[in-house]
Structure formats: C-alpha cells, structure tokens
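Take a look at the structure below.
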Amino acid sequence: MPNFELYSAAGLNCVEAAIWIAIGFFLYWGSRKTAVRYPRTDIVALGILFVAFGVSDVFEIYSGAWWRPWWLLLWKTLNAIGLLYLVGKLYLTEKAHKRRK
C-alpha cells in the first residue's frame, strides 16, 4: 500500500486524480443543463475522458509509475489523444463561430 502523505508522490497523485475527476463531472453536468454552442456529445465525451484520466491516476498510485503496466501507458496515451482531439475540435468550433460574427 502506498504512502498517502499529502506531499508524497502518491498524495499528489490523489489530489491530481480528484481534480481530473471533478473537471469531468463539472463538464458532464454542465453540458446537461445549459444551452451551449458546442455539440453536447463532445462536451459529454470530454467529461468522460477527464474522469477516465483521473481514474487512471488512481491506478498509477498503486502501480508506482505511469508507464507500468503496459496497459496503463496505453490507457493514458489514448486518453491524452482523445483529450487533445476534442479540445482541438472545440477550439476550431469556437474559431468558426467568432468568424461568423
């Protein structure tokens, strides 16, 4: 069992995981009750990816490294690719919206 002192690597990973998961839930619930100019499916997918990234940080606490085991590295890589794709897509949507004004 890892050492959970706040300033240890495991403690900081717990804080990081909580932040990612909170961002994910905020995006998910925020997309459900507000009218946004972005596709809701993209916002919901972004929220799910943030939660998945936070959960992968919890697994990282117990494995001791983000690259071990191999499936954790794959999980984090696919999450990062998905996050970059969706953030880029939302950026281009915003840019196109500003151009129309």
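For the sequence shown, the working numbering begins at 731 and goes up steadily by one.
Virtual Cβ for every residue (Gly too), placed ideally from N, Cα, C.
It should be emphasised that the depicted structure is a prediction, and the values quoted were computed from it without experimental measurement.
Would you kindly report the start and end of the unbroken alpha helix (DSSP H) that includes residue i?
i, result
"Trp805", "800 to 830"
"Tyr758", "739 to 763"
Between residue i and the rest of its own chain, which residues show a CB-CB distance below 7 Å, the 5 nearest in sequence each way excluded?
i, result
"Ala782", "Asn809"
"Glu790", "Asn743, Trp796, Leu802"
"Trp805", "Ser786"
"Thr823", "Tyr768"
I'd like the list of long-range same chain contacts for residue i, defined as Cβ closer than 6 Å, with 5 residues on each side in sequence excluded.
i, result
"Gly754", "Gly777, Phe780, Val781"
Classify residue i as helix, strand or coil using the three-state DSSP reduction.
i, result
"Ala795", "coil"
"Arg767", "coil"
Tell me which same chain residues have a C-beta within less than 8 Å of the C-beta of residue i, skipping the five on either side of it?
i, result
"Lys819", "Asp772"
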